[in-house]
DNA sequence: AAACTATACGGAGACTTCCTCCGGTTCTAC
DNA sequence: GTAGAACCGGAGGAAGTCTCCGTATAGTTT
């Protein structure tokens, strides 16, 4: 990669991240390009579509979540560790309006890298919690991540109620039926 | 309302419903107008924006769900009645790709009528199930509807896996934790 | 039934955003 | 230096949303 290309690539990534946080992932790509000081053509050459850019931005952010999972794998309470981690995932997704929606749309594999990493980290926590008999068998990490994303989505569509995420997560964890 | 206006209003509603089912609620409004045999201006006069049209379409569909709720309120198992109804709500939302997303976005009140009716019908079922001691206290119908919509959203983004809705609903009902 | 007026119609067009294409520029290796 | 591969950038086509206003018509009045 030529030095100028690399420079533009990095600036685009940084500007995209900021723009996603401030305006959500629906922000106009032209704005990102302008702020990065490049033309829209350059943006599209590096990132053929919006999701490719999103994937590139978020894949970097996952390190924190993966680290968190590695720490939590040694926590005392395996089930609690899983839930703490899921809440972290939710909190991260919530930083970027629109991200959870994109993660959910897995029919096309544009953000596959991101999702694969999450499944790996979360899968270990889930397996441990199940082995300890604290979490039902038959539950799969993919479904837990979907549910988490869906709940983030709810929460981000109800910005006036800050507690939405916590309430719905607790609903999912404890169930609706009386235990 | 003038006779021609009423005629166009009805045709638009019918065409919109069909278009929403076939192409999802993101369908181009121009297409709806063309199929209804009217100009785009006429569509926008009757329905100032897309959500106003969606609300008008779906408010009619709610009769079936309200009827279902009235029947279920007399069912033997109060908790089961609630879940059966929630599944019906989900099945209905799933007919129209994009509807659940719109229902979730409650920050603006454009589809308020629809949501108010659902809360009323579901609230009665929930109250009965809670009174019977089968469903946890503290749970609110608004949250259950949000969770249901969120799960529909997941399911509609995973069209290759037809069981997604059922799996996630069962997760929410039974919870993640063991007993 | 003719004239009148409030109401409704419809599509041109301004605006926005996405994405492509290609002439011109710049970096790098020799 | 210089050749040419790699890269840049913005004009512009396509699609969609929504507005505006001249034209057409339904319903009323005489």
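Residue numbers (this note's numbering), protein chains in the order written: chain L, 1355 to 1533; chain X, 1355 to 1533.
Quick reminder that beta carbons are idealized off the backbone N, C-alpha and C, glycines included.
- Under a criterion of Cβ atoms nearer than 9 Å, the residues of chain X adjacent to residue 1488(L) are, in order, 1531 and 1532.
- In terms of beta-carbon proximity, residue 1527(X) lines the interface with chain L, with at least one pair separated by less than 9 Å.
- Just measuring C-alpha positions, the residue of 1424(X), 1383(X) and 1356(X) sitting nearest residue 1369(X) is 1383(X).
- If you check each beta-carbon in the segment 1509-1522 of chain L against every beta-carbon of chain X, the ones closer than 8 Å belong to 1511, 1512, 1513, 1514, 1518, 1521 and 1522.
- Residue 1531(X) has 1489(L) as its beta-bridge partners, per DSSP.
- In this structure, DSSP gives residue 1437(X) a helical state, which the three-state scheme calls helix.
- Residue environment: residue 1510(X) is assigned as buried (16 or more neighbouring CB atoms within 10 Å of its CB, all protein chains considered).
- Between the segment 1408-1427 of chain L and the segment 1364-1378 of chain L there are three or more C-beta pairs closer than 8 Å, enough to call the two in contact.
- Look at the beta carbons and you see the segment 1482-1499 of chain X touching the segment 1432-1444 of chain X: at least three pairs across the two are nearer than 8 Å.
- In the DSSP annotation of this structure, the continuous segment of the alpha helix (DSSP H) that includes residue 1506(L) starts and ends at 1495-1511.
- Judged by DSSP in its simplified three-state form, residue 1381(X) adopts coil rather than helix or strand.
- Cβ neighbours of residue 1367(L) within its own chain (closer than 7 Å, five residues either side excluded): 1410 and 1411.
- The beta carbon of residue 1440(L) sits closer than 6 Å to those of 1502, all from its chain and outside the five residues before and after it, given in chain order.
- Across the structure, residue 1392(X) and residue 1466(X) are spaced so that their CA atoms are roughly 27 Å apart.
- Contact between the segment 1443-1452 of chain X and the segment 1395-1407 of chain X is not established, with fewer than three Cβ pairs separated by less than 8 Å.
- With a 10 Å radius around the Cβ and a threshold of 16 neighbouring Cβ atoms, residue 1425(X) comes out exposed.
- Identification of residues in the segment 1476-1501 of chain L having a C-beta nearer than 8 Å to some C-beta of chain X yields 1487, 1488, 1489, 1490, 1493, 1497, 1498, 1500 and 1501, given in sequence order.
- Between residue 1519(X) and residue 1530(X) the beta-carbon gap is near 17 Å, outside 8 Å, which marks them as no contact.
- The C-beta separation of residue 1491(L) from residue 1521(X) comes to about 14 Å, leaving the pair out of contact by the 8 Å criterion.
- The beta carbon of residue 1436(L) sits closer than 7 Å to the beta carbons of 1479, 1480, 1483 and 1489 from its chain, once the five residues preceding and following it are set aside; these are given in chain order.
- With contacts defined by Cβ atoms closer than 9 Å, residue 1405(X) and residue 1456(X) form a contacting pair.
- Contact between residue 1487(L) and residue 1378(L) is absent: CB atoms are separated by about 41 Å, not below the 8 Å threshold.
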